[in-house]
Ligand code: SF4
Ligand code: SF4
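Numbering (my numbering), first residue to last: 2 to 256.
And the structure:
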């Protein structure tokens, strides 16, 4: 087999189809349990933050302060929000507990996907070192697509797709925004959702946009609905998309 063919075959093996069986099982029985929750870069999406701050029952602001590092990116409207590792405990994730992940049900997307990563073409690649990740030696098999459902990935994918409608156009265009307030407001809407809620319900916001009562109730009670609304607000404010409708100014009457 020539070198080109060998590389193509290797690439096909590395890129696994969603219907392909996948041998893996992680849990307290594996000798490496929680070893991978250490010294890693986990980039958080807005939905990850919502799930985690609600799991911990703290505000989005407290979560960002206590558990993340916010890394500004030059000429980028949205900074990178990274889960902080605990420097005083061998750079372990702050959520590693005696019996595993303390926020397991609400763990971020990369933790759900591990040891896989999704490629742009919808295939999957193994990102864990097979010598270290002993879960890859376990006898359990499942189709990747079923395993992803078990991990609760589809809801994250849905929310991350909505987030990408904000980030993708931003990556494609050079930003010419020098007003720091726009950066602050965008970050607030996407990542500091409790502050955004205060802004929506504690300012003249509702006087300026047409929002029906049912939607207002949903935004009050449901953080996921509020986050979807925040995406729409950013798309309206930054890209001028018609995601929100501005109220018409009342007609002035004479006499
Ligand atoms: S959030 Fe949980 S699964 Fe993810 S790195 Fe931290 S302890 Fe591990
Ligand atoms: S290294 Fe693999 S098997 Fe070990 S805890 Fe991490 S994901 Fe599970």
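Backbone N, C-alpha and C fix where the C-beta goes; we use that ideal spot for every residue, glycine too.
Rounded separation between residue 167 and residue 71 - CA only: 18 Å
By the 10 Å Cβ neighbour count, where 16 or more other Cβ atoms means buried, how is residue 43 classified, buried or exposed? buried
Who pairs with residue 24 in a beta bridge, going by DSSP? 142
What does residue 69 pair with, by DSSP beta-bridge criteria? 84
Within this structure, are the beta carbons of residue 25 and residue 141 separated by less than 8 Å? yes
Starting from residue 119, trace the beta strand (DSSP E) both ways and give me its first and last residue. 117–119
For residue 160, is the classification buried or exposed, using 16 other Cβ atoms within 10 angstroms of its Cβ as the cut-off for buried? buried
Give the C-beta separation of residue 57 and residue 104 to the nearest angstrom, bearing in mind that I take them to be a contact with Cβ-Cβ under 8 Å. 7 Å
Out of 196, 39, 102 and 89, which one is the CA nearest neighbour of residue 29? 102
Exposed or buried, which one is residue 170 when buried takes at least 16 other CB atoms within 10 Å? exposed
Residues near residue 52 in its chain [Cβ-Cβ closer than 6 Å; skip 5 each side]: 107
Could you please give the first and the last residue of the uninterrupted alpha helix (DSSP H) stretch that includes residue 220? 214–222
Below 7 Å, is the gap between the Cβ of residue 38 and the nearest heavy atom of ligand 1? yes
Can you tell me which of the three DSSP states residue 153 falls into? coil
Kindly identify the DSSP beta-bridge partner or partners of residue 165. In DSSP, residue 165 forms no bridge with anything.
At 3 residues or longer, and completely inside the segment 188–215: list those beta strand (DSSP E) runs for me, N to C. none
State yes or no: is the C-beta of residue 112 nearer than 7 Å to some heavy atom of ligand 1? yes
Report the CB separation of residue 49 from residue 110 in whole angstroms; it is logged as a contact under 8 Å. 6 Å
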